[in-house]
Structures are given as C-alpha cells and as structure tokens.
C-alpha cells in the first residue's frame, strides 16, 4: 500500500528554497509515529533537505536521476516505477516528497495523511489539488493552534475511492 504524507498550507504550499515552511512539533511526532518501521520514498532534494539522514528506523529509498550517486544508509532507485515496485501490497510505504515525487505518486497512492495548515505561505513548491471525487475524507482531527498563535492546523486522512 502506498501512502502520501505531507503538510499543506491553505494555498497548497509545501516548501520554499528546499525547506519546510513551518515547524509543527505535533506534525513531526505524527510523521515519526506513522512512518517508523516502514519504507519511506523521497526525491534526492528532499533527502538533502533533512537535518540528518537517513531517517532512523525506516528503510530510506531515494529516487534520483544520477546513476553514480549514492547516500550512506539509503537505497537508490532511478524511476518512479522502480520505487513503486519496492512497495509491498500488504505493507504501508510512505511517499515523503518533494513536489514532483508527490505529483507522480498521486495516481498510485491508496491513502493520504495530510496536515492542513490554515494559512497561506509564500512558497516555490506546491502540493496538487486533492480531487474529492477520487479521495474520501475518512478522518479529521479537531483544530490545533500553534503556541505563538500564528496559525491553526488539522490532521486529515483520505482513502482512495
């Protein structure tokens, strides 16, 4: 099973200059809880944006177009198809970014774990629109406020119809 996990601003922004736009402690805890013990699939820029890699207690799979490139502790693949073939039907694998990887995996995904940030952000990277004809909202948390009051956020889970 292929799941996408992402935090999205009101204007669908997810990043700028290869960095996240916010630091939400509860979102990071949720990410760790959901992805630990599973395969995580990402593009090379997402890997390079991480403060430390590979992410522990997960199989880190990196999609790159550079055949001579390798990163310690990571499994390298060279296409979306090769990455998708690493995902078992009976085990959950997580797509963790970036934007082009999300775009290419949307048709293949079975589940979406969304952190919905209730604010617009200036960004250069965006998540595609979630088509409600294709995706069913199965779980939504209450609204949480950032300690500094800068914005609210919710956790949502979608399953493919």
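Residue numbers (the working numbering): 1239 to 1399. Glycine included, every Cβ here is placed at the ideal spot set by N, Cα and C.
Residue closest to residue i, alpha-carbon to alpha-carbon, out of the options
{"i": "residue 1311", "options": "1295, 1305, 1355, 1359", "result": "1295"}
{"i": "residue 1363", "options": "1306, 1283, 1329", "result": "1283"}
{"i": "residue 1393", "options": "1256, 1337, 1263", "result": "1263"}
{"i": "residue 1382", "options": "1357, 1256, 1376", "result": "1357"}
{"i": "residue 1352", "options": "1321, 1397, 1291", "result": "1397"}
{"i": "residue 1268", "options": "1249, 1332, 1368", "result": "1332"}
{"i": "residue 1375", "options": "1360, 1367, 1361, 1350", "result": "1350"}
{"i": "residue 1369", "options": "1399, 1359, 1377, 1286", "result": "1399"}
{"i": "residue 1275", "options": "1286, 1330, 1301, 1343", "result": "1330"}
{"i": "residue 1324", "options": "1346, 1337, 1377", "result": "1346"}
{"i": "residue 1255", "options": "1389, 1361, 1395, 1367", "result": "1361"}
{"i": "residue 1270", "options": "1293, 1301, 1285, 1313", "result": "1293"}
{"i": "residue 1273", "options": "1287, 1298, 1285, 1286", "result": "1298"}
{"i": "residue 1301", "options": "1248, 1266, 1265, 1342", "result": "1342"}
Supposed contact pair residue j and residue i - C-beta distance, whole angstroms, cut 8 Å
{"i": "residue 1240", "j": "residue 1246", "result": "Wrong, their Cβ atoms sit about 18 Å apart, outside the cutoff."}
{"i": "residue 1355", "j": "residue 1260", "result": "6 Å"}
{"i": "residue 1303", "j": "residue 1316", "result": "7 Å"}
{"i": "residue 1365", "j": "residue 1391", "result": "Not confirmed; about 14 Å, so no contact."}
For residue j and residue i, the rounded distance between their alpha carbons
{"i": "residue 1309", "j": "residue 1289", "result": "14 Å"}
{"i": "residue 1380", "j": "residue 1305", "result": "45 Å"}
{"i": "residue 1371", "j": "residue 1244", "result": "20 Å"}
{"i": "residue 1348", "j": "residue 1387", "result": "34 Å"}
{"i": "residue 1335", "j": "residue 1321", "result": "13 Å"}
{"i": "residue 1280", "j": "residue 1359", "result": "23 Å"}
{"i": "residue 1242", "j": "residue 1377", "result": "15 Å"}
{"i": "residue 1250", "j": "residue 1258", "result": "13 Å"}
{"i": "residue 1319", "j": "residue 1389", "result": "38 Å"}
{"i": "residue 1344", "j": "residue 1395", "result": "14 Å"}
{"i": "residue 1314", "j": "residue 1326", "result": "17 Å"}
{"i": "residue 1461", "j": "residue 1277", "result": "Any property of residue 1461 remains undetermined from this structure, which presents the chain solely from 1239 to 1399."}
Min CB distance residue i to chain C below 7 Å
{"i": "residue 1357", "result": "Going by chain labels, chain C is absent from the structure shown, which holds only one protein chain."}
Any alpha helix (DSSP H) of 4 or more consecutive residues that is wholly inside the segment 1253 to 1281: Here the runs fully enclosed are 1263 to 1273.
Completely contained beta strand (DSSP E) runs for the segment 1299 to 1358, where each covers 3 or more residues: Within the segment 1299 to 1358, the complete beta strand (DSSP E) runs of at least 3 residues are 1312 to 1315, 1331 to 1333, 1349 to 1355.
Residue ranges of each beta strand (DSSP E) within the segment 1354 to 1391, 3 or longer: The segment 1354 to 1391 contains these whole beta strand (DSSP E) runs: 1373 to 1378.
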